[in-house]
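Engineer:
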Amino acid sequence: MSTILRTIRNLRSIGIKEYAHQMQYMGDTKRGTFVAADKYGNKYYENNAEELPLRTRWVDYKDKEFDPSQIEPGWHAWMSYVVNEPPSVDKLLQRQVRIWEPEEHRPVLSASRSAFKTYSTTKNKYSAWQPVAAPR
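Take the sequence shown: its letter number 45 is residue 45 in our numbering, and every next letter is one higher.
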């Protein structure tokens, strides 16, 4: 959560449109330098001067319904402070698409209605008890 002075300073710096966007999707206002964008259209920012430690890097997702799997591995390492240089600068972290990898992102469907559910064709060993009440 930010203070009133910080919020007003960020509002003046980033503008009303970006302020409303950040409040809707992040719940906080931040300002920083644009580092780079990845192939999915996500934008990465950094501000080492004003933010709290370990909150100096953040991502602005392209999609409104974002999924953390939309961050590429090199950017994930940069976001979690494993490396200091972003993948746009570091040649080792720049990701080349391999033959077996899909070209577009596939979302993780674990918590959705489209999640994989196993179907068993075997009969259950136990059945639920059905109480039978005698008529009075």
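Beta carbons: idealized from backbone N, C-alpha and C, even for Gly.
Note that this is a predicted model, so its numbers are computed, not measured.
Quick one, which of Leu5, His105 and Glu18 has its alpha-carbon nearest aspartate 60's?
Structural biologist: Glu18
Engineer: Might you give, ordered along the chain, the residues of its own chain that have their beta carbon closer than 8 Å to the beta carbon of aspartate 67, omitting 5 neighbours on each side?
Structural biologist: The residues are Pro107 and Val108.
Engineer: Since alanine 36 contacts tyrosine 44 with CB under 8 Å, what's their CB separation in whole angstroms?
Structural biologist: 6 Å
Engineer: Quick test of your reading: threonine 33 and asparagine 47, contact by CB under 8 Å. State the CB separation rounded to the nearest angstrom.
Structural biologist: Contact between threonine 33 and asparagine 47 holds, with the beta-carbon distance rounding to 7 Å and staying under 8 Å.
Engineer: Between glycine 41 and lysine 62, which are expected to be in contact by the criterion C-beta below 8 Å, what is the C-beta distance as a whole number of angstroms?
Structural biologist: 3 Å
Engineer: So what does DSSP say about tyrosine 44, is it helix, strand or coil?
Structural biologist: strand
Engineer: Just to confirm before moving on: does the CB-CB distance between glutamine 94 and proline 86 stay below 8 Å?
Structural biologist: no
Engineer: Quick check on asparagine 10: buried or exposed, where buried means 16 or more other Cβ atoms within 10 Å of its Cβ?
Structural biologist: buried
Engineer: Throw me the rounded Cβ distance for the histidine 105 and glutamine 70 pair, which I believe falls under 8 Å.
Structural biologist: 6 Å
Engineer: Taking 7 Å as the limit between beta carbons, can you name the residues of its chain near lysine 123, skipping five residues before and five after?
Structural biologist: none
Engineer: Give me the Cβ distance between valine 82 and aspartate 90, rounded to the nearest whole Å; I'm assuming they're in contact under 8 Å.
Structural biologist: Their Cβ separation, rounded to whole angstroms, is 11 Å, which puts valine 82 and aspartate 90 out of contact at 8 Å.
Engineer: Looking only at DSSP bridge pairs, what is aspartate 60 linked to?
Structural biologist: Aspartate 60 pairs with Lys43.
Engineer: Beta-carbon within less than 8 Å of isoleucine 14's beta-carbon, same chain only, minus the 5 sequence neighbours each way: which residues are those?
Structural biologist: Correct list, in chain order: Gln22, Thr29 and Arg31.
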